[in-house]
Structure formats: C-alpha cells, structure tokens
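Asker:
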Amino acid sequence: MKAREREMEERYKHLELDNRSLQKKLEQQANKNSELASVLIKFEERVKHKDKKLEEAAAAESALRRDVEQKDNMIKQLEKTVVERENRLYQVTSQMEEMKRVQEMVAKLMSKSTSTPAS
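By the count of my numbering, the sequence shown reaches residue 120 at its end, each step adding exactly one.
Here's what the structure looks like:
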C-alpha cells in the first residue's frame, strides 16, 4: 500500500509540475497574444491613417483634375478668341490697305485735276 501511495504522490507531483509548466506556457502565450494585439492595433491605426491620406490625395487629385479641365477650357476659349481677333485684324489690315490705295488714287486724281488748267 505504501508503494502505491508513493507512486500516487510521485504521479501527483509530476502532474503538478506539468500543470505549472502548462500554466507558465499559457501565461507566456497570453503575453505574446497581448503583444500581438498591441502590434495589430498599431498596424490598423497606420492602415487607417494611410487610408485617410489616400482619400485626401484622391480628393486633391480630383480637385486638380477639375482645375486643369477648367484651365484647358479657358485656354481653348482664349485660342478661339485669338484666332477670331487675328482674322479680324487681317480683315482690318486688308481694308486699310485698300483704303490706302484708294487714297493714293484720289491723291493722284486730285493732283492731276489741280495741275490741269481750268477751262
């Protein structure tokens, strides 16, 4: 009977050691899990921060695209205006040249009429 009691005591001690070892491992794993949870939270915060920056960048890009589009439209309108004014300038220049020729012809006629004696 004593041998059986010693065997049971040895077995009990062995089970207690196993239990302590498992509790220590469980505690270590819980600590690792806490550390991982902390790292994960920080990672999620960084991801949220980067997502926010991406949203801000997308909004800024959209605003810049609208601005570029407006400026492109303005440039097209100004180019159209320049072409219209160049055409108008060409017309006015042509008219002025024609008027100059007419003036020269009138001046020649006037000089001829003043140089001929009146009858």
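Ideal Cβ placement from N, Cα and C applies to all residues, glycine included.
Once DSSP output is grouped into helix, strand and coil, what is the label at M9?
Answerer: Position 8 of the sequence shown, counted from the start, is the residue given in the question as residue 9. Three-state DSSP puts M9 in a helix.
Asker: Do you know offhand how far K81's Cα is from M97's?
Answerer: Walking along the sequence shown from the start, residue 81 turns up at place 80. Walking along the sequence shown from the start, residue 97 turns up at place 96. Cα to Cα, the separation comes out at about 24 Å.
Asker: Helix, strand or coil: how does DSSP classify M106 here?
Answerer: As a working note, residue 106 is residue 105 in the sequence shown. Helix at M106.
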